[in-house]
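These notes concern the structure reproduced below.
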Amino acid sequence: MNEYMTWREGLKDVEFPHWEDLPAVDLYMDQVVEYVNNVLAPLNMPMVTSTMINNYVKQKVIMSPIKKKYQVMQITDILIISLMKPVFSLDEIRAAIDQVTVGDYPKKAYNAFVDALAARLQGPVPVEFDPDHLDLQLMRDAANVVFHKMEAEKLLELMRKRNPIKEVPTTK
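Sequential numbering of the sequence shown, starting at 114, is according to my numbering.
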């Protein structure tokens, strides 16, 4: 099995946490950073820093912590932002979260996104479009975008290994 297929198979084992699997207690900043980075590590996503989270709060992309502690709702927002940030602006991510949760409880909407992501990581998902459930289509599309970004990065990495670009010597 080649390295690409090994990577694809490895994605099937990634378990992104559902709402019920998130920490039951509020977390301080350093705990949030550690938790989020542990969740994102199997997906090889960029690491989250306390500075990034503070900027999300300042820009009102996530709610401010209460007594310096972050609750499940903020942690889910940070996880989603971390997945989406490589391909969407913070304003687009916040707007999508707000739009999806307008007609649904945040817990249900978050779990639906996690299910869409898990399904996509298992392999190609058949295209089903239901105009009455645009929120589900948005979550499926977002999961696809995240997957395709990760896949493109992996393919580029493998191509660079296989055929490194040789530097042309410069003359003085």
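Beta carbons are placed, not taken as given, at the ideal position from N, Cα and C, and that holds for glycine.
Using the Cβ count rule (16 or more neighbours within 10 Å means buried), how would you classify residue i?
i: isoleucine 166; result: buried
i: isoleucine 191; result: buried
i: alanine 265; result: exposed
i: alanine 256; result: buried
i: arginine 197; result: According to the sequence displayed, residue 197 carries methionine and not arginine. Buried, since its Cβ has 16 or more Cβ neighbours within 10 Å.
i: arginine 275; result: exposed
i: tyrosine 117; result: exposed
i: isoleucine 60; result: In the structure as shown, the chain begins at 114 and stops at 285. Residue 60 is therefore absent and cannot be evaluated.
i: leucine 268; result: exposed
i: tyrosine 183; result: buried
So, with DSSP's three-state summary, where would you put residue i?
i: lysine 125; result: coil
i: asparagine 257; result: helix
i: valine 227; result: helix
i: asparagine 279; result: Checking the sequence shown, residue 279 turns out to be lysine, not asparagine. If DSSP states are grouped into helix, strand and coil, lysine 279 belongs with coil.
i: leucine 268; result: helix
i: threonine 119; result: helix
i: leucine 249; result: helix
i: proline 130; result: coil
i: proline 239; result: coil
i: proline 219; result: helix
i: leucine 234; result: helix
Rounded to whole angstroms, how far is the Cβ of residue i from the Cβ of residue j, which I believe are closer than 8 Å?
i: proline 199; j: proline 159; result: 7 Å
i: methionine 252; j: alanine 225; result: 6 Å
i: valine 259; j: leucine 230; result: 7 Å
So, for residue i: in the same chain, excluding its five sequence neighbours on each side, which residues have a beta-carbon less than 6 Å away from its beta-carbon?
i: leucine 153; result: Ser195
i: serine 163; result: Met142 and Val146
Ignore the nearest five residues each way along the sequence and tell me which others in residue i's own chain have a CB closer than 8 Å to its CB.
i: isoleucine 188; result: Leu135, Pro136, Leu140, Val145, Tyr148 and Val149
i: valine 170; result: Met176, Ser177 and Pro178
Mind pulling the beta strand (DSSP E) runs of 3 or more residues that sit fully within the stretch 137-216?
none
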